[in-house]
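*Asks:*
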């Protein structure tokens, strides 16, 4: 099905189950084409730089084990599952979404908030989000 063994190997290695288990859809194809255009333009470097700035700001405010990682995902460990859900709900009521995660996604006893920082987060919103996380976790943990 693929033109060469090299293409086959790359598809198997990096395609995962999505390469084989479903038909491509219009939205997925559109996203892939848009991604190609971003990767061919100066916008990629700009967005990566902005993401690094946002991660550095978040890391300067909130302590996580992922501090300094290149990944845009952070886990704010709270511990108790019910408390984690309550804090996530309160953060949502304040206008931000962060998913509560607990076992088996997180280690037992280390339930927390899964925070996904993006390049398009503006500093004001990020500061308000950090204020909410700091205030709610300090008051209840």
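Residue numbers (this note's numbering): 16 to 156. Backbone N, C-alpha and C fix where the C-beta goes; we use that ideal spot for every residue, glycine too.
1. Going by beta-carbon coordinates alone, are residue 132 and residue 87 separated by less than 9 angstroms?
2. Taking DSSP as the reference, what is the three-state secondary structure of residue 141?
3. Just the C-alpha distance for residue 18 and residue 27, rounded to the nearest angstrom, thanks.
4. In the DSSP assignment, find the alpha helix (DSSP H) that holds residue 49 and state where it starts and stops.
5. Buried or exposed for residue 118, please, with buried defined as at least 16 other CB atoms from any protein chain shown within 10 angstroms of its CB.
6. Hey, would you say residue 116 sits closer than 9 angstroms to residue 77, going by beta carbons?
7. Can you tell which of 43, 41 and 145 has its C-alpha closest to the C-alpha of residue 73?
8. Roughly how far, in whole angstroms, is the beta-carbon of residue 69 from the beta-carbon of residue 134, given that I think they are within contact range, below 8 angstroms?
9. With which residues is residue 115 paired in a DSSP beta bridge?
10. In three-state DSSP terms, what is residue 104?
11. Please say whether residue 90 and residue 46 have beta carbons closer to each other than 9 angstroms?
12. For residue 136, count neighbouring Cβ atoms within 10 angstroms of its own Cβ and tell me buried if that reaches 16, exposed if not.
13. Do you know how far the Cα of residue 21 is from the Cα of residue 30?
14. Please look up how many angstroms separate the CB atoms of residue 147 and residue 111, rounded, as I've assumed it's under 8 angstroms.
15. Can you check which of these residues, 140, 142, 127 and 139, is closest to residue 10 by C-alpha distance?
*Replies:* Quick answer:
1. Between residue 132 and residue 87, the CB-CB gap stays under 9 angstroms.
2. helix
3. 14 angstroms
4. Unbroken alpha helix (DSSP H) run through residue 49: 41–54.
5. exposed
6. no
7. 145
8. 7 angstroms
9. In DSSP, residue 115 forms a bridge with 128.
10. helix
11. no
12. buried
13. 13 angstroms
14. 7 angstroms
15. Residue numbering for the chain in the displayed model covers 16 to 156; residue 10 lies beyond these limits and cannot be assessed.
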